[in-house]
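First comes the structure, then the notes that go with it.
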Amino acid sequence: MAIASVRPPAVAGQFYPGDPLVLSAQLSELLTTAVPLENVPPPKAVIVPHAGYIYSGPIAATAYAVLAPLRDVVRKVVMLGPTHRVAVDGFSLPATQAFATPLGEVPLARADWLALQARADVSVDDRPHAFEHCLEVQLPFLQTVLGRFELVPVLVGRANAEAVADLIESVWGGPETLILISSDLSHYLSYEQARHCDRATIEQVIRLQVGLNHEQACGATPINGLLRVAQRHGLEPHLLDLRNSGDTAGDRGRVVGYASVAFCESPAHAAAPRH
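Right under this line is the structure:
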């Protein structure tokens, strides 16, 4: 059976508009009205939520707004997110060589795609990616903010923080490479419970304290890996936004938590000798 070379959008018209003009208008509005809690330099890595745009879009937009100065710098985005539909041991890369959205196609970074396959814990399989939303919903934002770039889409299954950190290190690159972790926070707590739980989770992230569990964040595994790498590279986390679906478009009986966090190189680390 022939393998399709392009992964078509799976959740366009559900998580975000399927019409490109409507989608572009919504993205423009979200990015224009985004006001991050902190003014930060352009980040090396971000944590961004992945729900439907009416729920998490305003929170995600605060992360993408701070990426705007990198439009002519970033040429590769390494995306890691949790599998919601298909169980995976280790990590999954797609066999397809591009991801499509209503705004066009994003090619995979083929050299990285080939190099990652040398890892024993990486499989190449379109099935986990076919209907997965956590990476797809980030793409229209990235297409709007960055323009042209290549993609390294990694779904994270049963893996430990050190394995995730090692994979991230292998594709770390320089300023041309952005690391993006796709994750929501708590699920289906009451509004006040979620506010308390999510604040504690973010305080742990800000301390670069590895050990998040999947009740705190569905993307806990890739986040833990990023935290470990951030420690090594002297990155400083900055909270950009922390809200939940009760603040945006949902009722407050059972909510889902969302945060955007930027990881930036500290001035002290940037000035330190590299040899």
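In terms of our numbering, the sequence shown is residues 1 to 275. Cβ coordinates follow ideal geometry from the N, Cα and C atoms, glycine included.
When C-alpha distances from P222 are compared across A100, G81 and D126, the shortest belongs to G81. Residues of the same chain with a CB within less than 6 angstroms of the CB of A230, apart from the 5 flanking positions on each side, are L208 and F263 in chain order. DSSP places R243 inside the beta strand (DSSP E), whose first and last residues are L235 to N244. Note that the C-beta distance between L135 and H50 is below 9 angstroms. Cβ-Cβ separation between T83 and L155: approximately 5 angstroms, consistent with a contact (criterion under 8 angstroms).
Y55 is positioned such that its CB atom lies no closer than 9 angstroms to that of V261.
By the Cβ-count criterion, R71 is exposed, with fewer than 16 other Cβ atoms from all chains shown falling within 10 Å of its own Cβ. Under the criterion of beta carbons closer than 8 angstroms, A161 and G104 do not qualify as touching, at roughly 35 angstroms. DSSP places S260 in the strand class (E or B) of the three-state scheme. Distances from the CA of C218 to each of T177, R158 and L167 were compared; the closest alpha carbon is that of R158. In the displayed model, V66 falls within a helix according to three-state DSSP.
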